[in-house]
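The sequence shown maps to residues 15 to 266 in our numbering.
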Amino acid sequence: MNKKTYRHPTSILTPLLQELAYNDVVLKSPLRKFIARANEKAEHRTKAYWDANADRAIQSGDSYVDGAAQVEVRNAIAASLVRSFAPGAKSALDLGCGGGLLAVELARRGLTSYLGVDISETTIGYARTHIPDRIMAKPFALEFAVSDLATFQPHDPAQQFDLILFNEVLYYLPVETAIEQVKRYSILLASGGVLGVSMYQGAKSKAIFRRLLKHLTWVTGFLYKECDRPSYGFSARDPYPSWLVTLLKPRE
């Protein structure tokens with residue numbers, strides 16, 4: 015279990031520059047092309063980066079792959095929201111699934127089918143080895159696939175899911191690409207299905223979410239804050255970030 019916590023940059027300059035870069039005025043201007051190009055060239059977009067990152071995380075024990083504290087909390091919140099607001103959901107597609115821990119939480123809350131997709135072969139290998147034994151609810155159809163979410167296609171093109179999750183993954187894409195991918199995957203939703211989107215606070219996350227709400231309808235959400243000392247309130251320089259875990263559905 016990871017006991018370390020995520021920290022925002024302590025410098026106020028970085029958040030301010032991000033707020034400027036992902037301002038709606040800038041994203042509607044010609045400058046958006048430079049921002050998108052920088053995102054596409056970012057190292058974290060590559061499979062090699064995430065394989066190496068997962069190796070380091072597993073070896074150090076500081077592991078988002080096997081249960082960092084904020085990951086487990088986020089997974090529990092997401093699964094609880096599904097249970098309460100989409101109680102009929104049985105099948106899930108988890109994009110950017112990491113070590114597949116969300117499957118365990120979803121199985122506890124009545125889902126019976128899960129497909130996890132991640133760009134890292136290391137995290138998927140870890141998930142295939144460790145997750146099946148953690149799922150007590152049977153029967154439960156469990157499958158993992160190695161793929162970039164931008165190119166992934168189910169083996170069965172007619173397959174549909176009651177729940178499609180983007181769990182801390184959309185902000186690794188350029189803003190408009192993130193929206194395009196959510197719209198693409200929305201086609202795979204079964205009738206009455208919902209989308210789960212989780213993102214930590216940040217200028218880019220907010221820019222993506224503002225655009226998502228132009229295409230999707232809000233169902234519910236939960237904003238929570240991590241801290242390892244007594245703390246109240248939010249500020250731009252607060253090193254203890256907040257996450258938004260939400261359910262959305264396509265507009266009718």
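Note that the Cβ used here is the ideal one computed from N, Cα and C, for glycine as well.
Just so it is clear, the structure is predicted and the values come from calculations on it, not from any experiment.
- Buried is the label assigned to S105, since at least 16 other Cβ atoms lie within 10 Å of its Cβ.
- For T234, the uninterrupted beta strand (DSSP E) run begins and ends at L230 to K239, by DSSP.
- For G207, there is no enclosing alpha helix (DSSP H); the enclosing beta strand (DSSP E) has its first and last residue at L203 to Y214.
- Selection D65, L116 and S161 evaluated against L177 yields L116 as nearest (Cα-Cα).
- Taking the CA atoms as reference points, T137 sits about 9 angstroms from I72.
- Apart from sequence neighbours up to five positions away, the residues of its chain that approach L179 with a beta-carbon distance below 6 angstroms are D108 and G210, ordered along the chain.
- A check of alpha carbon separations from A204 across P153, L184, Y140 and A103 identifies A103 as the nearest.
- In this chain, the alpha helix (DSSP H) harbouring G139 covers E135 to H144.
- Under DSSP, W257 shares a beta bridge with Y214 and Y238.
- Between D162 and I133 the beta-carbon gap is near 5 angstroms, inside 8 angstroms, which marks them as a contact.
- When only Cα atoms are considered, R51 and V40 end up about 14 angstroms apart.
- Taking a C-beta distance under 8 angstroms as the contact criterion, Y36 and K228 do not qualify as a contact pair.
- DSSP, reduced to helix, strand and coil, places P264 within a strand of the structure shown.
- Look at L125 here: in three-state DSSP terms it is coil, with no helix or strand label.
- Below 8 angstroms, enough C-beta pairs join the segment 118-128 and the segment 79-96 to call them touching: three or more.
- Burial is judged here by how many other beta carbons sit within 10 angstroms of a residue's own beta carbon; Y238 has fewer than 16 and is exposed.
- Cβ contact annotation for D80 (same chain, cutoff 6 angstroms, sequence separation greater than five): G113, in chain order.
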